[in-house]
Every structure is written in C-alpha cells, then in structure tokens.
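Sequences listed follow chains A, B, C and D, in order. Per the numbering used here, the very first residue in the first sequence carries number 844; after that it's consecutive. Per the numbering used here, the very first residue in the second sequence carries number 35; after that it's consecutive. Per the numbering used here, the very first residue in the third sequence carries number 32; after that it's consecutive. Per the numbering used here, the very first residue in the fourth sequence carries number 548; after that it's consecutive. Quick reminder that beta carbons are idealized off the backbone N, C-alpha and C, glycines included. A quick note: this is a predicted structure, and the numbers were derived from the prediction, not measured. Here is the structure we will look at.
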Amino acid sequence: MSVTVSTLQARISGESTAGSPLSTEEYFVNMGPQHPSTHGVLRLVLRLDGETVREVVPVLGYIHRGIEKMGEHGNYRQFVHLVDRMDYLSALANNWAVTMVVEKAAKMETTERIQAIRTLVCELQRIQSHLLWWGVFGMDLGGFTPFFYGLRDREQICDIFEKTIGARLTMNYIQPGGVMFDIHPEFVKDVKAFLNYLKPKLVEYDALLTGNVIIQERLRGIGKLSAARAIALGATGPVLRASGVAHDLRKSEPYGLYSQVDFDVPVGTDGDCWDRYWVRMEEIRQSIRIIEQLIDNIPEGKTFMVKPAAKIKVPAGIHYSHLETARGILGVLLVSDGKEAPYRIHCRTPNFNNLWCIGEMATGGRIGDLVAMLSSIDIVVPDIDR
Amino acid sequence: MGVITDNLPGVLEPLPGGSVLVTAVDQLINWSRANSLWPLTFGTSCCAIEVMMATGAARHDLARFGAEVARPSPRQADLLVIAGTIVKRMAPRLRTLYEQMAEPRYVMATGSCAICGGPFMYHSYTTVRGADEIIPVDVYVPGCPPRPEAFFYGLLTLQKMIKEGESIRHPGERRRPVLAALPEGMTLDDIRKEMQDLLSHDANVTMTDAVAAGAHYAADLKDF
Amino acid sequence: MAWQVKTIAQRTGELLPGSPWTAALYVLLTILAVTAFVTVAGLVLIYAERKIAAHFQCRVGPMRVGWHGVLQSIADAIKLLMKEDVVPRDADALLHILAPVLSFAGMLLVMIALPMSPSLQVADMNIGVLYVTAVSGLGVLGILLGGWSSNNKWSLLGAMRAGAQIISYEVSATLALLVVVVFAGTLQLSGIIQSQDTGWWIWRAHGCGLVAFAIFMIAGTAEINRTPFDLAEGESELTAGFHTEYSGLRFSFFFLSEFLNMFVLAAMASTLFFGGWMPLHVGPSGVGGHFAAFNGVMDLLPPGLWFTLKTTAIIFLLMWFRWTFPRLRVDQLMRLEWKILLPIGFVNLFVSAACVVTGFYFFAR
Amino acid sequence: MDALNLIAAVQALHPAAQARAQSDQPTLTVAADALVALATQLRDDPDLRFDLLETHTAVDWLEEDRFELLYLLTSVPHGHRLLLAVNIDRDAPVVPTVSQVWPIAEWLEREAYDMFGILYDGHPDLRRLFLEDDWVGFPLRKDYEDDFMLERPE
C-alpha cells in the first residue's frame, strides 16, 4: 500500500523551514493542554524563533469522548443531551440542530409557538455566549476587568434560563417534537428587563475595551484571513463574516422564525482580529433586535407535539440539516437504517473548522498575537474534539 | 514538608505543655491553608465555565474565600479542580499536573464526568470513568455541571476537612474522600437558607452530614 | 520653616564613639524594623490590591478571614511558608535558589534610601538618586537568573522579555529623574525634598515636571512588570512567566518584591515630583511670602502623613492602571520606549536644562 | 439551483455519476478515481462554485462490506448544496485525497482516518487526529471492539 501514516513525533521533529536571515535557533514549545489561554485542553505545538511564531501544529483529542459512537448506541432523544456537552456555550443551538434533522426526517409537525420559543432562547444564548467571549477575550489580552463585566451580565441570562429551563449551561431543552417546558410566566417580562439593562452596558463595554488604544493596536491588521482563504479553510460564523462574506444561515436558509424578523448580518472588511471583535459586538446588537421583534408576539399554541416517551423512528437514508450557532455552522448528518437508533450520526462542528485557520493566521506573528487570534476565533475545545 | 513541620513535634512534644503548643501551631497552619486555597487554572469542558469562571465572576465571587488567586502554574497552586471530562489522552497530563503541584495539594472533582464519567460512562472508548482512577480526590461535587453554589459547598467542605486534619503530627495524611452532595429532600429554599447560615458562621459544614449524604447518594445509585 | 533632616545613620554615627554597643543595637533594630516594614507593607499592599481589584470588578474581594478579610494576606503568607519548596530536577539548583533572594535584596536595599519623613530615613546618601536607580536594577538580575535556571522554555521567554523591558525602560525612567535632579541641583534625596519647600516640581517647572512625571510613571510601571506592561509574567501568554517553576517561600519572595517595587516606585515618584514628606507649599514660607498663611496651615499635618498620603495615592493610580488596561505586545512595548518615550525624555531634559539656566520657573532662587 | 437541476448539471460534467436514493440532499455517487478531477471541476465551475467543503465523513456499511465516504459541498455564492458519495472496499480503504482542492479536507480526512482507518492517497500529513498515534483499531467502525468500553446495562 502506498499510503504512509505519520506520527506526531515525526511531524514536530521536521526540518526548519524558516528563512531567517539571522541564524537563530528555533525551538518547539508546547502550549497546552493546560494553558490559561487555550480555553480548555487544546494543545498547540509552536515552533518559535525568539518571539516569532514560525509554525503552529494543533494537537487535538484531549477531550475526545466519542460522542458520535455513543450516538449510535442510543435513541434520538438521548443524543440531544450529549450534544449539549459539545459546544456548551450554545447548548440550545446544539439541541436544535439535532432536533431539526430528526424533525425533518421523521416529518414531525411543530407549532409556531415552539419555533418562536426556540428562536428566542437561541438568540438569548447567542448573546450569552458572546458576552462570555467578550470577557474572556479581554482577559486573554491582559485586562482582567472585562471578564468580570461580561460574566456579570451573562448571569442575568442564566437567571432567565433557570426560570424556564431549570439549567444554567447544559439545557437539554429543545427536543424532537417541541420544547421540554412552556416558558415561565415571567419570561417575557424578564427578557425585556434584561434587554433594557444590557443596552447601556454595551456602551460601557465600548468605553472599557473597544475604544482602548492598546486594544486597537493589538487587534488591527493581526491574523488576517482573506474571504477566499476563509471559505477554503472551512471557516464559518463570525470568523467568515469578519472576512467580508455575508454567509449567515439565519438569512440564507432561514429556520425557526428568522424569516419573520428583520436583522442585519454584520460583515467585516479585512478579516483581522479587530473585524472578528467588531462582528461579534455587532451581533449582540442584532440579537437584541431579533428578540425585541419576537418577544411581544409569541403565538399561542402547544409546546410539544410528541410525548417525551414516544419512540421516534426515522426513515432510512441520509438526512442533513444545519443551523447557525454563535460560532458558525453546526450541521448534523444523520444516516438512518430505519431503526430507533441512528446508524451513523456525524456533527459538523463550527469550532473544528474555525480552529484550522489558526495555522494560517498565526504563522509569522508573535506569541501575543497568537493568543489574540485564538481568542478572536472563540473556540470551545469539546466542540472540536466531540 | 519543610524543616519546621518535620522537627517541631519532636522538639515541642516533650516540653511541658508542648502538646498544646503543637496543637495551636497545627490549628494556625490549618487555618492558613484552608483560607488560602489557590486554584490551578485548569478546566477541560463544561464544568470549567460553571465552577471556574462563574464562581470567580462578580456574582458568586470566589475571592470571598481567598481562593481567587488562580495560578496558571501548578507549582504555585494548592487546589486542583478537575472541571470536566478526563479522557485517556488527558489522563497522563492530569497526573503530571498533580505531581507538579507542591505539597500540600488538594483535589476537587466537580461534575459527574470527573466523578464517574457521567453521561460518557457507557459506549465511550476514551472517557476515564472518574478522575479518582488517576489521582486521589478529596472532595466530590456532583452535578452536570454543578451550580456555583454547589462548588462553594464543596469548597467549604474542603476547608472544614483541612481544618480537622493534623498537619504537623501526621503531615500528608489524607482524610477519606467526601461527597459534597446535598442531603435528600432538600429544596432550593433550604439550600439558600443553609448557604446563608454557612456564610454567617465561618464554614460550619458538618462533615458527618456530608458523609451521611454521600452514603445516601451511594444507596440511590444502587437502586438506580 | 526649615526642616532638620536627621537620618538613622547619622544618629548611629553620633552614638558610635560614646557607646558602640548601643550603636550596634541601633543598627540591629533598624535592620529588623526595615524587614518588618517590608513584610507588613507587602502584606497590606497585597490585601489592598485584592480589595481594590474586587471593587473595580463589582465584587467584594476577600471577606471570610477576619473582618472584611483583613487577615487574608497573613493566611496566604503562612501557607506559602509551609508549602513544599520545589526545585526541578534539571534546574540549576544554586541559581534557582539565589534568584528570588537577589530580587528581594534589590528591593530591600532601595528601602534604606527612601526618605519617609525628616527623621525616618535610614541613610541619606549624597548620590541618593543614583543609588536608587542602580540598586533597583538588581531586581532584573534575579528575574533573569530565575527564568534561566528554571530550565523551562516559558520561564526563559518571560525572563528575556523582562530583561529587555526593564533595561529599556530604565533609560526613560532615569531621564525623567534627571529632570528633577537638574532643577533641584542635587542628587541627595533629602536635598531634592528640601528644594521643594516653595512648591512641588510637578507644577513649579512649568510643563517639564508634568511630562517627566508622566514618563516616569509609564517607565516605572514597565520596570515593575505591571499591566499594561506585565509581559514577563503575562498569564494568558506565558503561563506564569519567569516564576513558573517557583513554589512556596521562594515564589513568595518574587511575589512580595513585585508588590514592594510598586511601593518603591510610588515613594520615588512622590519624593521627586510631589515633594516626598514636604507639605504642599506655594512660594516661600517665611515673612513676605504671599501664601505664608496657607503654607502654615499645610504644615499642621506631620510630614510622615504627607508622605503616606502621596504614596498611597500613586499606588492607587498604579492599581487603577492594572485593572483597566489590557497588555501591550512585545514589539509595541519596545516601540513605545525607543521611538516615543526616549525622544520625548531627551527633549524634556533639554528644555528643563534651559529653564534652569534662564531661571524660568516658579519661585526660582 | 434546485436539486434536480443541480444533479443534471453535475451529471453533464461527469456522466458516470449516479444519483443516490434515500437522501434529503441532492446526492451523487462517483467512483474513487474520478473524485479529484470532479472535485476540482465542481469547485471551479462558475455555475456551481462549490467552494466550501462543509463536512466530510464516512459510513461503515459492515454488511455490504464497504465504506461510503460522504463529501458535503456548499456553494457560498450560490447557496446550493451537493452531497458526493464514494463507495470504497472495506478491506482496502484507499481513496485519493481532496486536500489540494479544499484545504479543510486535510483535517476532515485525518478525522476519517482516525475513526475509520480510511487511507488517503497523497495526503500531506496523514496521522491520527483525536487518538494517540499508538491506538489500536478504528473506533467508529461497526466491528470495533474495546475491552475498556462499557455496554449500557438494559
């Protein structure tokens, strides 16, 4: 057989490829799996020339739990709670992705109310996810205070979720055939109060971080990714939109109630860290717009169409559907053989593809830039490893 | 663990009243250790958001217990919070991190993944079923993920445990692991009330209750 | 009102011929007092930093150990003392142990030159400013040795960053110091303070004092490795930088000297630009001064309190910086120093020299 | 372009491509040796412009003794999707790489190698992605057995 398989050891002991005019010694440094700015257990093997990054070799698998294998041994409802633990910062969108493919394949009907609730909670969670990202981004760049501001406001959304869903992080809320519970009677009031609370806070965020000259210096022109390269590297979500491609499934293939609301897709121009920062900040504002349009018009109706104990069978064949999480396109590819358990279930996760860009972005930058880039991609490692 | 703790009992014990003095020094050391648990910045998955980030953040504020000084280097950390799933590939690294920490070191396993593998227990070919298969664990905090309040309960339990230990006479001796689970039949209001009680009396967690709760929990598991 | 400066060294010198043993006891007591001061000040600063940071971040900070957590630093100190002291197997053991001591010693030696009040200064050298600049440079040696001897790439990287950064910014800091030296006409710290009895240099020297103060604060923040210049131990980049491999007591040396360097910086800034222990005076205090009455009121506060107030205010400013700004990148750091601060510093020094020669500043003698 | 037109357009490019039944996406089955040429055409054709390889994975049809490789292509400018399926022999799972067409395929193919043991001919850096280099077996194969893995008690 002509195909040869390599090892990590062979990969990182390769020849030096840098054309440095000064004959400095390059060396390998392990960043991670335990490192404050890899957001979990990501390991990056860096080839450094002094402070300059010559090459980044991501090493994955430090949190690979085999969710796809586990999915083959359970039914569809059991798979929903597993995907909560993939991208836990947009757990509801993950639930929805699985639900969407199952509902589409099994031809389940849903009501307008179910879709409205799903859209609302997903947008709330998008804000929550971006708030957390904003805080951690500030911390990665060396300013600690943004972390506390971001998480302080995130807690408010956690409270709203807690009332309706009963969980703060891993929701297991959106189920094939509906949602687990109807919304709490105070949901509408709470969400409105929160939006009124958040709007002035966004101005405060801008004062603290966005307008800071050090932030501008650190981010502008760093980690550039052209539109063509971003698509070729499989980037989606804010990473792709920052490169100037207005590709947002909420607009191009509307699901839920996104076709009924009016919102803009923020796009960047240069595809640098600053654009990624700006796009996410703008997305928070757009999510606020979406919620404001929906919150007063939640239609009446049933909140679940199928009893939770009902067995779901999906007709044999390949089914695929995807949606836009806070980080990009999450697709679920379901291969069914007509039984209660999926024959094969595969998740196309946004972080997996987005992380792949780091190799291209970081080469030639500094270590400090690498941290900014990693943070601007907004990775969640369990979503990469699954 | 240093010249003082090694030699102090030998010097002091024979003296009249030396035993009292040793106990006093012991209490002082335990007090300082219990109130200065610097955690390692380490989290593998979902639990890291809840028990490392949300607890440290403004609403819950880990700093109240003097534990907000998260050290990125294991050498300077006292508390290893295993926040999230441990898989086979991570296991040797976790062990290394634990070995790199300087004595005395404490380990908290938060979340069902770190306790037993949690939702990834069956049909997973990589998930380690419980971090205690790799390193000794002092306190278990159940939940998936545990709420920040649950983490605080675990932290207070650990403080209690440290304060009851004998650092000088028996340095490094481990207490048996404690499950910081809440007793059965508790409601949210009970928890809030108990948290307020706890906060008003410095870390008055009764160990026996926690252990009893642990037995309860184990019994539940059997039935399950 | 003329201030009589009497340092502890002078008093010991007077005692020495008559009763050498008393003098020796005096020296011993002084050493103990300085060490005790350093420890207590360090603990207080650490507590203050944690509390102030907490309140900047909508938190409450340490609350559980003592009243509002006042004993928190003591608990931390005892714990660090009792913690295992790790020397990595492949580290250079001697240098690994020596490094924190050097770092600590550099800071301790500066302490004896700081004038805290007319009677509270250990030694008043006639080259005080030079001494402080020189000895505080010792700290970087400790950092470099610590980073190198740990045999850890992150430590080494952090140490190299620290070395480059501290040595670069030393230049600007010294240029800013020289402005005051030029105006005061002396290198002696008590002399510099005495020269401000008609007003502090920050406003008497027209713009020069203010510019020099700004440069000194920026360069000083960089020298003590605090945000936005904390590249040597930037957590998100280099795990813990040069002290990654340090634990227990020796880590606490680094930790303590880091905080006390902040005190030293604040004390030096207040000495040079805000008159140290000198109360706020406007114009000559004697008969004929327009503001003599105002000066008299200001003299009611004891000089030690003035020093404490000024130093505390500057320390608060430094903490404010730390909890507001993000971190610079390595090359931006160097650009800031060599392309921005240094030229401004030189021009500023030149302008101040011109001011001194022409006597163009407030209350010139 | 809707599904039928899309299939017709691709079949015009590559007549050997067969429409696959039982799929909710426009799906075409192609032979392994024609894959790279077709992929390049699909990416560069101005009417098709499949510039994003949205995902790539494999399905282990144990009873039929074959692997089915699935390439989900998306066109960002046109907004249409196409699923390419390639059947390969389970005993000699070799397929040419498409990583020169879509760079992201480098990782997706590494994942497929890691999980199914599919060998990609011409891949620049073929090694395991999630598991250690010395891992025995390919976990997502249907006949994978592991002493460590627990079965859920019924």
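Buried or exposed (CB count within 10 angstroms, at least 16 for buried), residue i
i	result
residue 289 of chain C	buried
residue 114 of chain C	buried
residue 686 of chain D	buried
residue 1162 of chain A	buried
residue 552 of chain D	exposed
C-alpha distance - residue i paired with residue j, whole-angstrom precision
i	j	result
residue 996 of chain A	residue 1041 of chain A	7 Å
residue 174 of chain C	residue 134 of chain C	7 Å
residue 556 of chain D	residue 676 of chain D	36 Å
residue 1039 of chain A	residue 1027 of chain A	19 Å
residue 75 of chain C	residue 104 of chain C	7 Å
residue 562 of chain D	residue 595 of chain D	16 Å
residue 237 of chain B	residue 286 of chain C	The pLDDT assigned to residue 237 of chain B is 45, lower than 50, so where the model puts this residue is not dependable; a value taken from the coordinates is nonetheless given after this. If I take the Cα positions, the gap works out to 28 Å.
residue 184 of chain C	residue 872 of chain A	7 Å
residue 662 of chain D	residue 879 of chain A	30 Å
residue 969 of chain A	residue 298 of chain C	48 Å
residue 1156 of chain A	residue 258 of chain C	58 Å
residue 203 of chain C	residue 1076 of chain A	46 Å
residue 64 of chain B	residue 92 of chain C	21 Å
residue 383 of chain C	residue 301 of chain C	19 Å
residue 121 of chain C	residue 889 of chain A	22 Å
residue 883 of chain A	residue 583 of chain D	37 Å
Proximity to residue i [Cα-Cα], best of the options
i	options	result
residue 1003 of chain A	A/1120, A/1034, A/1175 and A/856	A/1034
residue 619 of chain D	D/608, D/612 and D/631	D/631
residue 260 of chain C	C/199, C/154 and C/96	C/199
residue 1008 of chain A	A/900, A/1046, A/974 and A/964	A/964
residue 99 of chain C	B/104, B/103 and B/99	B/99
residue 43 of chain C	C/34, C/35 and C/60	C/60
residue 255 of chain C	C/212, C/220, C/350 and C/124	C/350
residue 1045 of chain A	A/974, A/1014 and A/1021	A/974
residue 137 of chain B	C/224, C/277 and C/165	C/277
residue 120 of chain B	A/988, A/907 and A/853	A/907
residue 1057 of chain A	C/361, C/230, C/79 and C/323	C/361
residue 144 of chain C	C/161, C/333 and C/119	C/161
Simplified DSSP assignment, three categories, for residue i
i	result
residue 94 of chain C	coil
residue 255 of chain C	coil
residue 237 of chain B	Low confidence applies here, because residue 237 of chain B scores a pLDDT of 45, under 50, leaving its location unreliable; read the following figure in that light. Residue 237 of chain B falls in the coil class under three-state DSSP.
residue 174 of chain B	strand
residue 665 of chain D	coil
residue 69 of chain B	coil
residue 1203 of chain A	helix
residue 1129 of chain A	helix
residue 628 of chain D	strand
residue 43 of chain C	helix
residue 937 of chain A	helix
residue 99 of chain C	helix
residue 244 of chain C	helix
Near the ligand ADP: residue i beta-carbon under 8 Å from a heavy atom
i	result
residue 373 of chain C	The ligand ADP is absent from the structure shown, which contains no ligands of any kind.
(message) For the structure I just gave you, are there three or more beta carbon pairs, one from the segment 1188 to 1204 of chain A and one from the segment 1216 to 1225 of chain A, closer than 8 Å?
(response) yes
(message) With a threshold of 8 Å, are at least 3 pairs of Cβ atoms found where one atom belongs to the segment 1178 to 1187 of chain A and the other to the segment 1079 to 1097 of chain A?
(response) no
(request) Report yes or no: do three or more beta-carbon pairs, one from the segment 606 to 625 of chain D and one from the segment 1174 to 1181 of chain A, lie closer than 8 Å? (result) yes
(message) Using 8 Å as the cut-off, can you tell me whether the segment 909 to 925 of chain A makes contact with the segment 974 to 984 of chain A, which would need three or more C-beta pairs spanning the two stretches below that distance?
(response) no
(message) Using 8 Å as the cut-off, can you tell me whether the segment 138 to 145 of chain B makes contact with the segment 102 to 116 of chain B, which would need three or more C-beta pairs spanning the two stretches below that distance?
(response) yes
(request) Check whether the segment 1101 to 1116 of chain A touches the segment 1125 to 1144 of chain A, taking contact to mean three or more Cβ pairs, one atom from each stretch, closer than 8 Å. (result) yes
(message) I want to know whether the segment 219 to 234 of chain C touches the segment 178 to 198 of chain C - three or more CB-CB distances under 8 Å.
(response) no
(message) Counting beta carbon pairs with one atom in the segment 244 to 252 of chain C and one in the segment 78 to 88 of chain B, are three or more of them shorter than 8 Å?
(response) no
(request) Taking 8 Å as the threshold, find out whether the segment 1136 to 1143 of chain A comes into contact with the segment 930 to 945 of chain A through three or more Cβ pairs. (result) no
(message) Can you confirm whether the segment 571 to 587 of chain D touches the segment 602 to 613 of chain D when touching is taken to mean that 3 or more C-beta pairs between the two stretches lie within less than 8 Å?
(response) no
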